[in-house]
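Chains as they are written, first to last, in our numbering: chain D, 86 to 200; chain V, 30 to 143.
For each residue, glycine too, the CB sits at the ideal point set by N, CA and C.
The structure appears right after this line, and notes come after that.
Written out as structure tokens, the structure reads:
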């Protein structure tokens, strides 16, 4: 299947700072990237859908000014958590439609801890 | 939007027994139903999926059934092994539409006791 590379895998940042998470499609062009957040022992909740060359679509209740998504190329989508607070600590994971099997491929996830 | 309900939230079985996890969905347009296994801190791993043009699919010890009329689908694991212990998620999406995001169930923590 297609591969999405996500970095960093873990990050610890101070309250008030911003953190950028990158997802790159390695062997295919990802025109769409889905961004999920997962709290401990909870399910994956879709935050937003990014489309190359256009504005991201955010799910209800997700602050677009806080979670900035950029999808400037067919192989790179980024999520920036701005002015991070401890309650933003979570597991963030990206996913793209997999053109090899018409399913979805997931990044390896980013564990964000805000102290 | 789509709503996926998953039961049970926890399931404990003895090694060798079968495990069944059930999901229902709300959007009749949904046509793709994957099941994922997720270990702590890792990405979800696809274990089996089914599309709405079939009613059952099997892969060795794992099978999935789909009832489109009732809008529910189930995961069946036979001859369970301790390494099957993990969190399992069902999901649904409408592929071929402009909005083909995956909606996940809340997950089932499966524990297989040796």
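Around the Cβ of residue 66(V), a 10 Å sphere holds 16 or more other Cβ atoms; the residue is buried.
Secondary structure note for residue 53(V): its beta strand (DSSP E) is the uninterrupted segment 48-54. Taking a beta-carbon distance threshold of 8 Å, residue 37(V) does not count as an interface residue toward chain D. For residue 72(V), the chain D residues whose C-beta falls within less than 8 Å of its own C-beta are 178, 191, 192, 193 and 194, listed in chain order.
For residue 88(V), the nearest beta carbon of chain D is not closer than 8 Å to its own beta carbon.
Taking CB atoms only, residue 146(D) has no neighbour in chain V less than 8 Å away. Under the three-pair Cβ rule at 8 Å, the region 37-46 of chain V does not count as touching the region 118-127 of chain V. Between residue 115(D) and residue 159(D), the C-beta spacing is below 8 Å. With respect to residue 180(D), residue 199(D) sits apart: the two C-beta atoms are not nearer than 8 Å.
Chain V places no beta carbon closer than 8 Å to that of residue 138(D), leaving this residue out of the contacts. Interface criterion met: the Cβ of residue 75(V) is under 8 Å from a Cβ in chain D. One Cα belongs to residue 100(D), the other to residue 141(D), and the distance between them is close to 25 Å. For residue 72(V), there is no enclosing beta strand (DSSP E), as DSSP marks it with neither H nor E.
A Cβ of chain V is located within less than 8 Å of the beta carbon of residue 188(D). Shown here, residue 63(V) sits in a strand according to DSSP, grouped into three states. With a cutoff of 8 Å on beta-carbon distance, residue 86(V) and residue 79(V) are scored as near each other.
Straight through space, the alpha carbons of residue 106(V) and residue 73(V) are spaced by roughly 17 Å. Under the Cβ criterion of 8 Å, residue 133(V) is counted among the residues facing chain D. DSSP, read as helix, strand or coil, puts residue 143(V) in coil. Secondary structure of residue 137(D) (DSSP, three-state): coil. With respect to chain D, the C-beta atom of residue 56(V) has no partner C-beta closer than 8 Å. Residue environment analysis places residue 122(D) among the buried positions, since at least 16 neighbouring C-beta atoms fall within 10 angstroms of its C-beta. In the DSSP assignment, residue 35(V) forms a beta bridge with 52(V). In the three-state DSSP reduction, residue 108(V) falls in the coil class, being neither helix nor strand.
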